[in-house]
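Have a look at the structure below before the remarks.
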Amino acid sequence: MSLSYEKLYRQSIDHPEEFWANAAAQLHWYKPWDKVLDSSNPPFYRWFAGGKTNTCYNALDRHVDEGRGNDTAVIYDSPVTGAKERFTYREFRDHVALFAGALQSRGLRKGDRVIIYMPMIPEALIAMLACARIGAVHSVVFGGFASHELAVRIDDCKPKIIISASCGIERDKVIDYKKLLDTGIELAHFKPEICIIRQRPQHKAELNEERDLTWKQALLGSEPAPCVPLESSDPLYILYTSGTTGRPKGVVRDNGGHMVALQWSMQHVYGVKPGETYWAASDVGWVVGHSYIVYGPLLNGNATIIFEGKPVGTPDPGVFWRIIEEYGVSVFFTAPTAFRAIKKEDPKGHYIRKYDLSAFRALFLAGERADPDTVKWAEQHLDVPVIDHWWQTETGWAIAANCQGIEPGPVKYGSASRAVPGYNVKVVNHDNEELDNGQMGDIVIRHPLPPGTMMTLWKADNHFIESYMSAYPGYYQTSDAGYIDEDGYIFIMSRTDDIINVAGHRLSTGAIEAELSAHPDVAESAVIGVADDLKGEVPVGFLVLKSGVDTPPGQIIRHVVEYVRENIGPVAAFKLAVIVNRLPKTRSGKILRRTMRQIANGDDYTVPATIDDPDILEEIKTALQSIGYAQ
């Protein structure tokens with residue numbers, strides 16, 4: 001029998017200390033906490049103050065000690081290299097303990113920082129957990145990130161050691177990570193003492209004899225390291241938010257609150273039982289990879305999958321379904337952009353029907369708003385619940401979701417569902433006044449935030465307050481805009497800077513995009529507001545078509561203009577749309593609407609460090625010029 005959502009949610013808001021103490025009791029503590037919630041220095045709240053624990057122990061050793069050492073912990077599947085590997089909890093614990101010992105033998109101690117700059121290979125997880133084991137603070141930088149951005153992160157967190165690999169594989173391309181790393185270190189003012197390089201057979205890196213060691217050399221003569229008891233509030237990791245330029249924003253996650261929240265979320269948000277296989281198709285360079293490739297599944301005793309590939313092209317749009325069948329995945333989590341890519345290549349879902357998905361019971365989408373058309377397409381072809389949920393790098397886990405382990409509610413297309421227990425979500429206007437149901441405004445979360453959310457920004461407490469806590473006193477500013485309906489369902493319509501003002505009417509780009517994506521020939525869309533002398537701003541739509549479409553482009557554009565006029569109204573003043581091959585995105589799948597808007601308005605812009613393919617910006621510029629913009 002499922003738990004009552006309303007009862008659990010009210011308990012989490014009205015009695016948060018009792019609620020989270022019960023959740024924390026499932027985990028191992030060397031010393032119990034003195035206080036569940038320390039509110040003495042808001043907005044710097046501390047969960048499980050005085051408690052001592054170790055995240056690595058709870059993710060690996062605890063399961064071995066409780067008799068589950070032979071259960072599968074980690075599955076590695078690399079369609080770009082053909083490599084596959086499985087590790088039990090005992091095997092993975094031993095790998096992590098030995099590498100942690102290697103780090104200690106090189107002088108790494110509690111509180112020291114380590115940058116991890118790696119592809120999706122088992123050693124990336126081993127490195128993260130080894131740091132957690134001995135109290136070092138890891139900062140994972142997406143493998144293949146530009147050298148300049150790597151240098152910015154080196155200078156901000158000052159790592160004693162950097163762990164990397166000789167290369168990454170992008171479909172049929174070999175990316176020379178070591179060259180990028182060397183350039184990043186050269187650009188940085190701060191220099192690491194040691195770099196540990198995992199040499200891969202696809203490319204052997206040249207080493208700096210004074211600084212670099214291979215992974216094998218680092219392990220020589222090492223002894224396994226035991227887990228180090230840590231304060232609950234000791235930092236576990238630093239993760240820089242995407243798009244960081246100039247002034248870094250390194251989100252800091254604690255040990256105690258983080259592990260409690262993630263274990264709770266695995267069981268209650270995702271409805272996953274220990275022993276099941278859970279897969280988040282992301283990268284450890286992003287927050288999804290931290291929370292739901294590494295820590296969440298292992299804390300909950302699940303098998304987790306390291307996938308080195310893409311949703312299409314490695315080798316085809318059926319690779320997700322092959323993985324789900326081969327490893328008996330119960331719950332799958334990916335980004336809406338991945339599904340749009342699959343829908344574009346396989347609009348009829350032919351590849352889905354090639355595989356046995358009988359063990360598969362739920363799909364979760366996050367990373368950007370899941371347009372209703374994509375959700376419906378996935379529901380139709382997969383025949384499982386498709387759950388759009390909303391969270392951020394800063395929160396570390398879901399703010400809103402249709403919680404599968406509590407009491408699932410009905411799906412409302414376009415909504416991320418209800419607030420997850422622990423999050424007191426409100427909608428306010430610019431005067432910090434709470435708005436009624438159905439009114440669109442800025443979405444905020446009342447203090448204190450639940451466990452697992454960020455503690456602060458690395459070495460930047462004032463920047464933390466300015467960025468997140470000052471605009472709406474007493475609330476965390478999400479920088480998302482939307483509304484909450486009469487049933488408590490949260491509708492995230494856009495980032496606050498994606499609200500466009502057309503002749504005094506505040507309109508959401510997300511609402512217009514939903515209409516564009518409803519067209520049967522459209523695989524994906526984006527809408528931006530461009531400057532207009534008469535109306536202030538007008539919307540411009542970008543359409544990516546499905547494969548094999550033979551409808552004339554002009555006809556498709558006329559149809560989507562009619563959709564918007566009929567369903568949103570002439571107030572939207574939507575008349576302009578262009579067809580493009582691709583949309584510019586970050587590597588995590590977020591569409592770069594701000595950059596597109598800057599191009600359209602002829603403003604100076606910087607190519608974002610997180611962009612997946614910079615060349616696409618030229619296509620966007622050309623398309624905009626065809627309709628009179630980007631001059």
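Residues 1 to 631 (my numbering) make up the sequence shown, in order.
Glycine included, every Cβ here is placed at the ideal spot set by N, Cα and C.
How would you label residue 457, buried or exposed, when you count the other beta carbons within 10 angstroms and need 16 or more for buried? Residue 457 sits at position 457 when you count from the first residue of the sequence shown. Within 10 angstroms of the beta-carbon of residue 457 lie 16 or more other beta-carbons, which makes it buried.
Please give me, in chain order, every unbroken run of the beta strand (DSSP E) with length at least 3 that falls completely inside the region 28-89. 35-38, 46-49, 72-78 and 83-88
How long is the line joining the alpha carbons of residue 363 and residue 390, rounded to whole angstroms? Numbered from 1 along the sequence shown, position 363 holds the residue referred to as residue 363. Numbered from 1 along the sequence shown, position 390 holds the residue referred to as residue 390. In a straight line, the C-alpha of residue 363 is about 14 Å away from that of residue 390.
Under a three-way DSSP split, which group does residue 174 fall into? Position 174 of the sequence shown holds residue 174. Three-state result, residue 174: strand.
What first and last residue would you give for the beta strand (DSSP E) that runs through residue 448? As a first step, residue 448 must be located in the sequence shown, where it is residue number 448. Per DSSP, residue 448 belongs to no beta strand (DSSP E) and is neither H nor E.
Identify, in the order they occur along the chain, each residue of the same chain with its Cβ nearer than 7 Å to the Cβ of residue 310, setting aside the five sequence neighbours on each side. Taking the first residue of the sequence shown as position 1, residue 310 is located at position 310. Listed in chain order, the non-local C-beta contacts of residue 310 below 7 Å within the same chain comprise 171, local neighbours out to five positions each way being set aside.
Hey, how far is the Cα of residue 81 from the Cα of residue 414? In the sequence shown, the residue the question calls residue 81 occupies position 81. In the sequence shown, the residue the question calls residue 414 occupies position 414. Each residue's alpha carbon lies about 38 Å from the other.
Using a 10 Å radius around the Cβ and a threshold of 16 neighbouring Cβ atoms, would you call residue 245 buried or exposed? Taking the first residue of the sequence shown as 1, we reach residue 245 at position 245. Its pLDDT being 39, under 50, residue 245 is placed unreliably by the model, and the measurement read from it follows with that caveat. Label assigned to residue 245: exposed.
What three-state label does DSSP hand residue 139 in the structure shown? Within the sequence shown, the letter at position 139 stands for residue 139. In the structure shown, residue 139 falls within a strand segment according to DSSP collapsed to helix, strand and coil.
Please name the residue in 128, 116 and 85 whose C-alpha comes closest to that of residue 100. The count along the sequence shown starts at 1 and reaches residue 100 at position 100. Considering only alpha carbons, the answer is 128.
Let me know the secondary structure DSSP gives residue 516 once reduced to three states. One-based indexing of the sequence shown puts residue 516 at position 516. If DSSP states are grouped into helix, strand and coil, residue 516 belongs with the helices.
Would you mind sorting residue 336 into buried or exposed? The rule is 16 or more other CB atoms within 10 Å of its CB. What you label residue 336 is simply residue 336 of the sequence shown in a count that begins at 1. By the 16-neighbour rule on beta-carbons within 10 angstroms, residue 336 is buried.
Put residue 605 into one of helix, strand or coil per three-state DSSP. Locating residue 605 in the sequence shown gives position 605, counting from the first residue. Note: residue 605 maps to coil in three-state DSSP.
Taking residue 341 as part of the alpha helix (DSSP H), name the residues at either end of that continuous run. Mapped onto the sequence shown, residue 341 falls at position 341. That run of the alpha helix (DSSP H) goes 336-345.
So residue 564 is in the alpha helix (DSSP H); what residue range does that whole segment cover? Looking up residue 564 in the sequence shown gives position 564. Where residue 564 is concerned, the enclosing alpha helix (DSSP H) stretches over 553-567.
Okay, do the region 33-43 and the region 197-211 touch, 3+ Cβ pairs below 8 Å being the bar? no
Which residues does DSSP pair with residue 284 in a beta bridge? Against the sequence shown, residue 284 aligns to sequence position 284. DSSP, once it has assigned bridges, lists no residue as partnering residue 284.
Just confirm the distance between the C-beta atoms of residue 539 and residue 548, as a whole number of angstroms; I'd bet it's less than 8 Å. In the sequence shown, the residue the question calls residue 539 occupies position 539. In the sequence shown, the residue the question calls residue 548 occupies position 548. Between residue 548 and residue 539 the Cβ distance is about 28 Å, and since that is not below 8 Å, they are no contact.
Three-state class that DSSP yields for residue 217 in the structure shown: On the sequence shown, position 217 is the one that residue 217 refers to. Here DSSP, grouped into helix, strand and coil, assigns residue 217 to helix.
Please report the distance separating the alpha-carbon of residue 58 from that of residue 470. In the sequence shown, residue 58 corresponds to position 58, counting from 1. In the sequence shown, residue 470 corresponds to position 470, counting from 1. If you take the alpha carbons of residue 58 and residue 470, they lie about 35 Å apart.
Beta-carbon contacts of residue 394 that lie in its chain and below 6 Å, excluding the five residues immediately before and after: Residue numbering aside, residue 394 sits at position 394 when the sequence shown is read from its first letter. Excluding positions up to five away in sequence, the list reads 251 and 454.
Relative to the C-alpha of residue 215, which candidate in 109, 221, 196 and 222 has its C-alpha closest? The residue given as residue 215 occupies position 215 in the sequence shown. That would be 196, whose Cα lies nearest to the Cα of residue 215.
Of the choices 526, 561 and 460, whose alpha-carbon is the least far from that of residue 371? As a working mapping, residue 371 is identified with position 371 in the sequence shown. That would be 526, whose Cα lies nearest to the Cα of residue 371.
Just how far apart, CA to CA, sit residue 380 and residue 348? Residue 380 sits at position 380 when you count from the first residue of the sequence shown. Residue 348 sits at position 348 when you count from the first residue of the sequence shown. Roughly 10 Å separates the two Cα atoms.
Return yes when the C-beta of residue 51 is under 8 Å from any heavy atom of the ligand NAD, and no when it is not. In terms of ligand content, the structure shown is empty, and the ligand NAD therefore cannot be addressed.
For residue 575 and residue 8, the rounded distance between their alpha carbons: The residue labelled residue 8 in the question sits at position 8 within the sequence shown. The residue labelled residue 575 in the question sits at position 575 within the sequence shown. Computed Cα separation, rounded: 47 Å.
Among the residues of its own chain, which have a CB less than 8 Å from the CB of residue 219, if the five just before and after it don't count? Numbered from 1 along the sequence shown, position 219 holds the residue referred to as residue 219. Answer for residue 219: 98, 99 and 102, listed in chain order.
Residue-level contact to chain D via CB, residue 491, 9 Å cutoff: Judged by its chain identifiers, the structure shown contains no chain D, having just a single protein chain.
Candidates 190, 405 and 600: which alpha carbon is nearest residue 155's? In the sequence shown, residue 155 corresponds to position 155, counting from 1. Answer by Cα proximity: 190.
Could you tell me how far apart the beta carbons of residue 443 and residue 424 are, in whole angstroms, since I believe they sit closer than 8 Å? On the sequence shown, position 443 is the one that residue 443 refers to. On the sequence shown, position 424 is the one that residue 424 refers to. 12 Å between Cβ atoms; not a contact.
Rounded to whole angstroms, what is the Cα-Cα separation between residue 334 and residue 387? For the purposes of this step, residue 334 is taken as residue 334 along the sequence shown, with counting starting at 1. For the purposes of this step, residue 387 is taken as residue 387 along the sequence shown, with counting starting at 1. If you take the alpha carbons of residue 334 and residue 387, they lie about 11 Å apart.
Which residue comes first and which comes last in the beta strand (DSSP E) that contains residue 357? Residue 357 sits at position 357 when you count from the first residue of the sequence shown. Segment: none, residue 357 is in no beta strand (DSSP E) and carries neither H nor E.
For residue 614, which residues in the same chain have their Cβ closer than 6 Å to its Cβ, ignoring the five residues on either side in sequence? Position 614 of the sequence shown holds residue 614. These residues qualify, in order along the chain: 607.
Measure the CB-CB distance between residue 145 and residue 451 and report whether it falls below 9 Å. Start at 1 with the first residue of the sequence shown, and residue 145 comes out as number 145. Start at 1 with the first residue of the sequence shown, and residue 451 comes out as number 451. Against a cut-off of 9 Å, the Cβ pair of residue 451 and residue 145 comes out as no contact.
In three-state DSSP terms, what is residue 712? Because the chain here runs from 1 to 631, residue 712 falls outside it and cannot be looked at.
If I measure Cβ to Cβ from residue 398 and keep anything under 6 Å in the same chain, skipping five residues before and after, which residues do I get? Here residue 398 is taken as the residue at index 398 of the sequence shown, counted from 1. Around residue 398: 269, 389, 391 and 420.
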